[in-house]
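Protein sequences appear in the order of chains A and B. Per the numbering used here, the first sequence starts with residue 4, numbered consecutively. Per the numbering used here, the second sequence starts with residue -13, numbered consecutively. By construction, the Cβ of each residue, glycine as well, lies at the ideal position given by its N, Cα and C atoms. Quick notes on the structure that follows.
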Amino acid sequence: MIAFDFEYYQPLILKDADEKYRQARLLGEKAVYFNGGTEFITFARKGQVEADVIIDLKTIPDCHRLALNEDELVIGAAVTLNEITESDLFPLLGDVVKKIADHTSRNKITIGVNINSRLMYKEALLGLFVVDAEVEVIGENGRERQAISKLKLKEGEFISQIFIPYKNLQLPFVSLKRTKLSKVGYPVVSIAAVVKDDEIRVAFSGLTAQPFRCIKVEEILNDATLSIESRIEKAIDKISMPIIKDLNGSEDYRKFVTAQLLWEILQKLEVKK
Amino acid sequence: MGDVIVHIPMVRGAFGRKGTVQLEPLAYLASKAVGGQLVKLNFDREEDMTTAPCRIGLDATIKLGVDVNGKLLAGQYTYLVDAGAYSDQAAGITRAIALDCTGPYHVPNVWCDTYCMYTNHPFATSFRGYGHPELTFAVERTMDQLAKKMGICPIELRKMNGIQPGHTSPTQSAITENNIGDVEKCIALVKERIQWDEGVRIVEADDKIRAKGLSLFWKTSTTATNAQAAAILTFEADGTVNLNCAAVELGQGTKTILGQIVAETLKIKQADVHVTLEVNTQNDPHQWRTVASSTTFLAGNAVHAAAQDAVQQLKKLAAVALQCAEEDLDVGGGRVYLKPDPTHGVDYKDLALGYKFPSGHAIGGQIIGVGKYIQRHLTPMDKNTGFGKPGPWWSVGVQAVEVEVDKKDFTYQILNAVTVLDGGTIINPMTATQQMRGGMYMGLSYAAIEKFVFNEQAVVENNDIRTYGMLRYGEQPKKYIVDFIQTPAVDGPYGARGIGEYGVIGAPAALANSLSNALEVELNELPLTPEYLWKMKKGRL
């Protein structure tokens, strides 16, 4: 059970959500944005998170947008993972998020919760890093657009919408995920890759403390003067963040799996170039 | 003890975990603290996984000596049982492992040391198989390695050494025609069902390898030497029957099977037998416990005896009603009738509450069938030699698994899982088959991925379902194949022995043997995750 009392606030516009947070801050209260509840509820039950006020973003219509126009695809932060997959508006992202948790959970997990996850995986970011996605951040500066690759949320700020350039929605892609054993589970490694302008772009989750996309890694993977094995070996060596070791796998095993997945990805994408 | 009444509803699952008490005394103390009010005590998931007992761990070393033909001459077994912080059932499990330490093989010279070890891990209690899945893993991995060393087919090695009537168990208990299943017949049928002759290791396209592995297993029910059950049958005015006994329905189908025994003995329809699902210790006769795959045997014998007692009373009363001798009578179709002329008879409903003559005179009183059964000739282990007769019989079986392994990334799929079990007469083939399937799934999940991960302070790091992996729906074997050999036990109800736990026992070993065959590497640890397979194959630490 959740062993603390909290105020549950349902704003109807973005501004109110932001204001409520500031108010709580001024009163010395701990406020948390609530977006689907899949993380808050599980963490609160285990005593790993507490709040005096929870601010629900699901009641704000802007956070539910799922719309395609001639410039970009707009996905609200409160759109669920299953809604994204079923819309088929962005196949790469639909494929990436389909591998997160299980179907029933994906009815509730929102993209906003996943990209702001308290856990290290944030696998939805894989489908956003490689396509130059942007996000709308709500904070003291009102509504502000930022590139997702450079995203840094200040305290009290939250993401309301995600934008993907129209021209990047149908890029050839491959997304692969390996877990400890099951189809469902946290990643040992999860990789998404696209071909854009004849070059491969690739993003990783589960390998290091945060998901990432690294230009230097991509330069090596796109270096046609090297053999595929050589490219993969050098690319993995180039990763500057430490490779993690946890319940799902050791560092060396993660490197092995990454090499396997990159091999498969390069095979598949070379054909699609 | 007589002041305590226990109500047991249908429990649904437990697999041995309810063989101990932990919540019950705590709930009692909580209720006592508030003057006897009703209290409810729940563990949440994380507490349940580490506070409530789990199953044992095992560290085993086995050394086998054979002659040039592969016949076993000697076996040395050292079993270290990780019991956790308290000994609970682990002490009994340690004993059970010692009693069956060789597996179902004839080993003329045996030395076995089995230690119940205190560790700072969550404590262990009984879990399906009571130490046998663990010991079978160790024995069967050793047998497969021995077969490779000798250059003998693993099936031939088992056939050559299978235990038979005339041999003795590790603790010098005599093996007879009646107290053990037929190992050879089980082996022969599994060989056919897994299509062993098509090849143990087949390389396929796409870097896949298909391979098979098998395991032999046995188990006896180590009960208390005075373990017993009893049953009471009462009749309704319409001739239908109520069965009262303290066997607990855990989802193993025991109430159905006991109902079947009543129906078979009284020769009535099963629908006319009302089995009380709930157990109430004040009203129901004493039953040792519902564990150890012993319920069909103990409660079944008691129920059979109660039904026979009822038949006796029915015949006695019918003899008066029909004015003939008891020996002339038989039962069938819900009535008692004259053997030479079945048209002469009287329905159960006219005997159930006594018999009333046309004149109005009533005789006999209601039929109440009473039966009981207690274990025969069981002994504890001798302090010096370890010899003893631990249980009434051994059921035996063979399990085999076929896997498809990707040799590039060491991921695998379980294709077929086969069980051939000799548990004596199978009273309900459908529930028995399902027992085997469920057991196989359990054992395979256990072997493939389940494990507590301890940090350096021995704290469990994966104490929730997200992080403690299990085989999920869709990852179970593509096909379960189950068969039974029915070598009857003369002292079991309709020839039945026990079968409840057995589906789990050989599965981990069979999986390890098949993966070892596939990758041509010796896999002697669990769980068999792709990372472990990779580690062993690449020779890295």
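Am I right that G383(B) and C139(B) are in contact with their C-beta atoms under 8 Å? What's the rounded C-beta distance? Position 397 of the second sequence, counted from the first residue, corresponds to residue 383(B). Position 153 of the second sequence, counted from the first residue, corresponds to residue 139(B). So it is not a contact: roughly 19 Å between Cβ atoms.
Helix, strand or coil: which one does DSSP assign to Y427(B)? Position 441 of the second sequence, counted from the first residue, corresponds to residue 427(B). In this structure, Y427(B) counts as helix in the three-state DSSP scheme.
Member of Q158(B), L519(B), Q150(B) whose CA lies at the smallest distance from the CA of D392(B): As a working mapping, residue 392(B) is identified with position 406 in the second sequence. Of the listed residues, the one whose Cα sits closest to D392(B) is L519(B).
By Cβ distance below 6 Å, which residues in the same chain neighbour T411(B) in space, the five residues on each side in sequence not counted? Locating residue 411(B) in the second sequence gives position 425, counting from the first residue. Taken in chain order, the residues that qualify are Q472, P474, Y480, G481, A482.
Selection from L143(B), A191(B), M422(B) that minimises the alpha carbon distance to Q238(B): By one-based count along the second sequence, residue 238(B) stands at place 252. Considering only alpha carbons, the answer is M422(B).
From which residue to which residue does the alpha helix (DSSP H) around R179(B) run? Start at 1 with the first residue of the second sequence, and residue 179(B) comes out as number 193. Here the alpha helix (DSSP H) through R179(B) covers 169 to 179.
Presumed contact (8 Å Cβ cut-off) between V356(B) and G425(B), rounded CB distance: Residue 356(B) sits at position 370 when you count from the first residue of the second sequence. Residue 425(B) sits at position 439 when you count from the first residue of the second sequence. About 34 Å separates the two Cβ atoms, so there is no contact after all.
On the DSSP bridge list, what partners appear for W182(B)? If you number the second sequence from 1, residue 182(B) lands on position 196. DSSP lists no bridge partner for W182(B).
Exposed or buried, M428(B), counting other C-beta atoms within 10 Å across all chains shown (16 or more means buried)? The residue labelled residue 428(B) in the question sits at position 442 within the second sequence. That one is buried.
Below 7 Å CB to CB, which residues in the same chain sit around A338(B) once its five sequence neighbours on both sides are set aside? Stepping through the second sequence from its first residue, residue 338(B) is reached at position 352. Within the same chain, A338(B) has close Cβ partners F221, E222, A223, G225, Q352, I353.
Quick one: using the 10 Å Cβ neighbour count with 16 as the cut-off for buried, is G117(B) buried or exposed? Your numbering for residue 117(B) matches position 131 in the second sequence. Looking at its Cβ environment, which holds 16 or more other Cβ atoms inside 10 Å, G117(B) is buried.
For V289(B), the residue or residues it bridges with in DSSP: Taking the first residue of the second sequence as position 1, residue 289(B) is located at position 303. None; V289(B) has no bridge partner.
Hey, how far is the Cα of L527(B) from the Cα of P516(B)? As a working note, residue 527(B) is residue 541 in the second sequence. As a working note, residue 516(B) is residue 530 in the second sequence. Note that L527(B) scores a pLDDT of 43, beneath 50, so its modelled location is shaky; the value from the coordinates is reported in the next line. L527(B) and P516(B): Cα-Cα distance of roughly 14 Å.
Which of the residues in the segment 257 to 271 of chain A, read from start to end, lie with their CB under 8 Å from any CB of chain B? F259, V260, Q263
At least 3 beta-carbon pairs within less than 8 Å: the segment 57 to 70 of chain B vs the segment 19 to 38 of chain B: no
Is F7(A) close to chain B, meaning its C-beta is less than 8 Å from at least one C-beta of that chain? Within the first sequence, residue 7(A) is the residue found at index 4, counting from 1. Not closer than 8 Å to any Cβ of chain B, the Cβ of F7(A) fails to qualify, so no.
Assuming contact is defined by CB atoms lying nearer than 8 Å, are V404(B) and R179(B) in contact in what I supplied? Here residue 404(B) refers to the residue found at position 418 of the second sequence. Here residue 179(B) refers to the residue found at position 193 of the second sequence. In contact: V404(B) and R179(B) (Cβ atoms closer than 8 Å).
Run through chain A and tell me which residues come within less than 7 Å of A434(B), C-beta to C-beta. In the second sequence, counting from the first residue as 1, residue 434(B) sits at position 448. Here the neighbours are L184.
Close Cβ partners of K394(B) (< 8 Å) along its chain, the five nearest in sequence each way excluded: As a working mapping, residue 394(B) is identified with position 408 in the second sequence. Answer for K394(B): D193, listed in chain order.
Straight-line gap, Y169(A) to P64(A) (C-alpha atoms, nearest Å): The residue you call residue 169(A) lines up with position 166 of the first sequence. The residue you call residue 64(A) lines up with position 61 of the first sequence. Rounded to the nearest angstrom, the gap between the Cα atoms of Y169(A) and P64(A) is 22 Å.
Could you tell me whether any Cβ in chain A is nearer than 8 Å to the Cβ of T453(B)? Counted from its first residue, the second sequence places residue 453(B) at position 467. Contact of T453(B) with chain A is assigned, a C-beta pair being separated by under 8 Å.
Using a cut-off of 9 Å between C-beta atoms, extract the partners of K49(A) located in chain B. Reading the first sequence from its first residue, position 46 is the one you call residue 49(A). Under the 9 Å cutoff, chain B gives D30, E32, D450.
Report the rounded CA-to-CA distance for W60(A) versus P175(A), giving the unit in angstroms. Indexing the first sequence from 1 puts residue 60(A) at position 57. Indexing the first sequence from 1 puts residue 175(A) at position 172. A quick correction: the sequence has Leu, not Trp, at residue 60(A). Distance between the alpha carbons of L60(A) and P175(A) is about 33 Å.
What does G130(A) touch in chain B if you count any residue whose Cβ is under 9 Å from its own? Along the first sequence, one-based indexing puts residue 130(A) at 127. Near G130(A) there are no residues of chain B at all, since even the closest Cβ is about 22 Å away, more than 9 Å.
Spatially closest choice to R31(B) from G89(B), Y454(B), I42(B), M(-13)(B), by CA coordinates: Counting from 1 along the second sequence, the entry for residue 31(B) is found at position 45. Considering only alpha carbons, the answer is Y454(B).
Would you identify the three-state DSSP class for P151(B), choosing helix, strand or coil? Within the second sequence, numbered from 1, the residue matching residue 151(B) stands at position 165. Strand, per DSSP.
Between S253(A) and chain B, is any beta-carbon pair separated by less than 8 Å? Against the first sequence, residue 253(A) aligns to sequence position 250. So yes, S253(A) belongs to the interface.
Between the segment 432 to 452 of chain B and the segment 367 to 380 of chain B, do three or more beta carbon pairs fall short of 8 Å? no
Sub-8 Å separation of S208(A) and L129(A) beta-carbons: The residue labelled residue 208(A) in the question sits at position 205 within the first sequence. The residue labelled residue 129(A) in the question sits at position 126 within the first sequence. Yes, the Cβ-Cβ distance between S208(A) and L129(A) is below 8 Å.
I need the straight-line Cα distance from R41(B) to R458(B), nearest angstrom please. Locating residue 41(B) in the second sequence gives position 55, where the first residue counts as 1. Locating residue 458(B) in the second sequence gives position 472, where the first residue counts as 1. Per the coordinates, the alpha-carbon of R41(B) lies some 20 Å from the alpha-carbon of R458(B).
Which same chain residues end up closer than 8 Å to A77(B) when comparing Cβ atoms and leaving out the 5 residues on each side of it in sequence? As a working note, residue 77(B) is residue 91 in the second sequence. Cβ neighbours of A77(B) beyond the five flanking positions: A69, C102.
Chain-order list of residues whose beta-carbon lies under 6 Å from that of N448(B) (same chain, five-residue window excluded): On the second sequence, residue 448(B) is found 462 positions in, with the first residue counted as 1. Excluding sequence neighbours, N448(B) sits near V439, Y454.
Please state whether the Cβ-Cβ distance between S73(B) and A495(B) is less than 8 Å. Numbered from its first residue, the second sequence carries residue 73(B) at position 87. Numbered from its first residue, the second sequence carries residue 495(B) at position 509. Taking 8 Å as the Cβ cut-off, S73(B) and A495(B) do not qualify as a contacting pair.
Identify the contact partners of L250(A) in chain B, using a Cβ-Cβ distance below 8 Å as the criterion. Looking up residue 250(A) in the first sequence gives position 247. Here the neighbours are V439, E447, N448, T453.
Under a CB-based cut-off of 8 Å, is G40(A) close to chain B? The residue you call residue 40(A) lines up with position 37 of the first sequence. No, because no Cβ of chain B sits closer than 8 Å to the Cβ of G40(A).
What is the C-beta distance between N230(B) and D258(B), in whole angstroms, given that I count them as a contact (C-beta under 8 Å)? Locating residue 230(B) in the second sequence gives position 244, where the first residue counts as 1. Locating residue 258(B) in the second sequence gives position 272, where the first residue counts as 1. Not really, about 16 Å apart at Cβ, beyond 8 Å.
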